[in-house]
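Undergrad: Numbering-wise (the numbering used here), the sequence shown opens with residue 2 and increments by one. Structure incoming, see below.
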Amino acid sequence: MDCIFCEIAAGRIPAKKVFEDEDVIAFLDVNPTSFGHTLVVPKTHVKNFMEADAAIIGKVFGTASALGKILQEKLGASGMNLLSNAGESAGQSVDHFHVHLIPRYDDRTKEALTLEFGPMDLDLDQVLAKIR
Ligand code: 5GP
Ligand code: ZN
Numbered sequence: 002m003d004c005i006f007c008e009i010a011a012g013r014i015p016a017k018k019v020f021e022d023e024d025v026i027a028f029l030d031v032n033p034t035s036f037g038h039t040l041v042v043p044k045t046h047v048k049n050f051m052e053a054d055a056a057i058i059g060k061v062f063g064t065a066s067a068l069g070k071i072l073q074e075k076l077g078a079s080g081m082n083l084l085s086n087a088g089e090s091a092g093q094s095v096d097h098f099h100v101h102l103i104p105r106y107d108d109r110t111k112e113a114l115t116l117e118f119g120p121m122d123l124d125l126d127q128v129l130a131k132i133r
């Protein structure tokens, strides 16, 4: 099956476009988790942020930064989450690198997500030894 985000980037499938230049396209998520939930997507196909080269990373995150500021101002958001899922266990459902820009509000009726970091009881030196 063709990649849905490649199809959107090529203009063959419609999307509610927020921004576009030659390298990046940003559009509203079809199943928004908050008011203004936007996806920032490179036009070239790459699986996730770990597979993308530095130029693509710069373009996608640079766009996300600028667009985040605009969304915050225009929508009256009080905060913003930036999220990029990689792999099924992380919740990636479209295997074309994308960044979620999720405006956050004091008014909880404008959002439908919960994002909680529960603490784990870990020996951090053991963790570090594995990474280094
Ligand atoms: P993931 O779960 O891979 O991090 O995020 C993929 C996101 O893409 C989901 O939030 C989903 O709602 C959105 N999505 C999937 N297909 C389409 C589509 O055809 N159009 C738009 N605008 N969003 C899509
Ligand atoms: Zn693709």
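Yeah, the Cβ is synthetic: ideal placement off N, Cα and C, and Gly gets one too. Note that the structure is a prediction, hence the values are computed from the model and not measured.
Could you please go through the chain and list the residues whose beta-carbon is closer than 7 Å to any non-hydrogen atom of the ligand ZN?
TA: Those residues are CYS4, PHE6, CYS7, HIS46, HIS97, given in chain order.
Undergrad: Excluding the 5 residues flanking ILE9 on each side, which residues of the same chain have their C-beta closer than 6 Å to its C-beta?
TA: Excluding positions up to five away in sequence, the list reads ALA16.
Undergrad: So, is GLY92 buried or exposed, given that buried needs 16 or more other C-beta atoms within 10 angstroms?
TA: GLY92 comes out exposed.
Undergrad: Whole angstroms is fine: what's the gap from LYS111's alpha carbon to GLY77's?
TA: When rounded, the distance between both Cα atoms is 11 Å.
Undergrad: Is any heavy atom of the ligand 5GP found at a distance shorter than 7 Å from the C-beta of GLY92?
TA: Correct: GLY92 has its Cβ closer than 7 Å to the ligand 5GP.
Undergrad: Less than 8 Å separating the beta-carbons of ALA55 and PRO43?
TA: Taking 8 Å as the Cβ cut-off, ALA55 and PRO43 do not qualify as a contacting pair.
Undergrad: Given a cut-off of 8 Å, decide if MET81 and ILE109 are closer than it, judged by their beta-carbon atoms.
TA: The residue asked about is misnamed: residue 109 is Arg in this sequence, not Ile. Not closer than 8 Å, so no.
Undergrad: Could you check whether HIS97 and SER85 sit closer than 8 Å to each other, using their CB atoms as the reference points?
TA: Not closer than 8 Å, so no.
Undergrad: ALA16: beta carbon under 7 Å from a heavy atom of the ligand 5GP?
TA: Yes, the ligand 5GP has a heavy atom inside 7 Å of this Cβ.
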